[in-house]
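Notes follow once the structure below has been shown.
There are 2 protein chains.
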Amino acid sequence: MPASPEKIREVIEQYVARVATGSTAEVMALFADGATVEDPVGSGVRSTPEAIREFYATLEGLEQAGEVLSARIADGQAAFLFELRTRAGEQTFTLAPIDVMTFDDDGLITSMKAYWSDADLQVS
Amino acid sequence: MPASPEKIREVIEQYVARVATGSTAEVMALFADGATVEDPVGSGVRSTPEAIREFYATLEGLEQAGEVLSARIADGQAAFLFELRTRAGEQTFTLAPIDVMTFDDDGLITSMKAYWSDADLQVS
Numbered sequence: 000m001p002a003s004p005e006k007i008r009e010v011i012e013q014y015v016a017r018v019a020t021g022s023t024a025e026v027m028a029l030f031a032d033g034a035t036v037e038d039p040v041g042s043g044v045r046s047t048p049e050a051i052r053e054f055y056a057t058l059e060g061l062e063q064a065g066e067v068l069s070a071r072i073a074d075g076q077a078a079f080l081f082e083l084r085t086r087a088g089e090q091t092f093t094l095a096p097i098d099v100m101t102f103d104d105d106g107l108i109t110s111m112k113a114y115w116s117d118a119d120l121q122v123s
Numbered sequence: 000m001p002a003s004p005e006k007i008r009e010v011i012e013q014y015v016a017r018v019a020t021g022s023t024a025e026v027m028a029l030f031a032d033g034a035t036v037e038d039p040v041g042s043g044v045r046s047t048p049e050a051i052r053e054f055y056a057t058l059e060g061l062e063q064a065g066e067v068l069s070a071r072i073a074d075g076q077a078a079f080l081f082e083l084r085t086r087a088g089e090q091t092f093t094l095a096p097i098d099v100m101t102f103d104d105d106g107l108i109t110s111m112k113a114y115w116s117d118a119d120l121q122v123s
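Chains C and Z are the protein sequences, given in the same order. According to numbering that gives the first Met the number 0, the first sequence is numbered sequentially starting from 0. According to numbering that gives the first Met the number 0, the second sequence is numbered sequentially starting from 0.
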C-alpha cells in the first residue's frame, strides 16, 4: 500500500526543512536504500548513498531558509514547488525548483528529480 | 539536440491555452507520435493516440480558462504548475496540477504526467 498523502506531505516538509537547515545525515535519513537523485535534471543520476551524500553535503552549513509553496500528491508520488533562499554576505540567492519524488510504502524517498536551471536563480 | 528552453516554454503555454479553450485536434497536434499521457498519476498510462484523444475530448467544449503559474525547464524536460478554471452553471471548479513533460528535439510532447488528486479541486 502506497504511503498516505498525509505521510508524503510530512516527508516533503521535512525534506525542505532539512535541506535548508538540517545536517546531511538528517537529509539522508529521509531516503530509502537504493534511492536515486538527479538535481538538476540533466546533470546525471546519483545512485549510491555516497554520491547522494556528497550532493547534500555541499548545502550543509549554508545560511538557508526553505519553504514548500505548492505540493501535489498522487498514488505515492509527489511533485512540489519549493523555495530555497541562501544568504551569502550581502546577497540572497533564491531558487524555487519543482521536485518530483517517488516514495516507498513507509514514506521513504526512492527517487528525486529536481527541475530548475541557472535561469531560475534570482539574486537580490 | 534537445528543444530549447524558449521552445519548451512556448509549447507549455500553448498546451495550457489549448487544453482550456482549444479543440482536441489542437491539443493532439502538440504531441509526438508514440507519446504517453498519465493524468492523474496512478490512473494508468494512455499510450495510443486514440486513448489520449479520448482523454482530451472530455475537456472540449467546457467553459475554461487556463494559466501557467510556474514553469521549470531543464535538459529538454519540464515541470510546471498551472491553473485550470472550469465554469459550470453558477460554480467554478479550480484545479492547479503540476505537470511533468518530456519533449522531442522539435518540442513535441513525448510524455506527460499530471500530479494532482481530488483533494486539490476547489469549488467556488
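No residue lacks a Cβ here, since even glycine has one placed at the ideal position from N, Cα and C. Computed from a predicted structure; not experimentally measured.
| Query | Result |
| --- | --- |
| Does the distance from the CB of C:I97 to the CB of C:A34 come in under 7 Å? | no |
| Please confirm if Z:Q76 has its CB atom under 7 Å from at least one CB of chain C. | yes |
| Which of the three DSSP states, helix, strand or coil, is assigned to Z:D38? | coil |
| Which whole-angstrom value is the C-beta distance of Z:V18 and Z:L58, which I expect to be below 8 Å? | 6 Å |
| So what does DSSP say about C:T57, is it helix, strand or coil? | coil |
| Taking beta-carbon pairs under 8 Å, can you tell me which members of the stretch 79-108 of chain Z lie near chain D? | As a matter of chain content, chain D is missing from the structure shown, whose protein chains are C and Z. |
| Establish whether the CB of Z:S110 and some CB of chain C are separated by less than 7 Å. | no |
| CB-CB under 7 Å to Z:T23, same chain, minus the five flanking residues each way: which ones, in chain order? | R52, Y55, A56, E59 |
| Determine whether the beta carbon atoms of C:P1 and C:W115 lie at a separation below 7 Å. | no |
| Between Z:R71 and chain C, is the shortest Cβ-Cβ distance under 7 Å, so that the two count as touching? | yes |
| So Z:V18 is in the beta strand (DSSP E); what residue range does that whole segment cover? | Per DSSP, Z:V18 belongs to no beta strand (DSSP E); it is in the alpha helix (DSSP H), 4-20. |
| By alpha-carbon positions, which one of Z:S3, Z:R8, Z:P4 ends up nearest to Z:V67? | Z:R8 |
| Taking the continuous beta strand (DSSP E) assigned at Z:V99, which residues delimit it? | 97-102 |
| With distances taken Cα to Cα, identify the nearest neighbour of C:F102 among C:K112, C:T93, C:Q121, C:A95. | C:K112 |
| Which bits of chain Z does C:D55 rub up against, with CB to CB less than 8 Å? | The sequence shown places Tyr at residue 55 of chain C, not Asp. Simply none; closest approach about 19 Å. |
| At what residues does the beta strand (DSSP E) containing C:V23 begin and finish? | Checking the displayed sequence, the identity of residue 23 of chain C turns out to be Thr instead of Val. Not the beta strand (DSSP E): C:T23 falls in the alpha helix (DSSP H), residues 23-27. |
| Per DSSP, what kind of secondary structure is Z:D74 in: helix, strand or coil? | coil |
| Closer than 8 Å by beta-carbon distance: list the chain Z residues that pair up with C:Y114, in chain order. | R71, I72, A73, Q76, A77, A78, V99 |
| At the level of alpha carbons, what is the spacing between C:P4 and Z:G21? | 33 Å |
| Could you spell out where the beta strand (DSSP E) holding C:L94 opens and where it closes? | 90-94 |
| Please list the partners that Z:A118 has in chain C, where partner means a Cβ-to-Cβ separation under 9 Å. | P4, I72 |
| Please identify, using Cβ separations under 9 Å, the residues of the stretch 21-39 of chain Z that lie next to chain C, in order along the chain. | P39 |
| Just how far apart, CA to CA, sit Z:G6 and Z:G106? | Looking at the sequence provided, one finds Lys at residue 6 of chain Z rather than Gly. Using only the alpha carbons, I get a separation of about 6 Å. |
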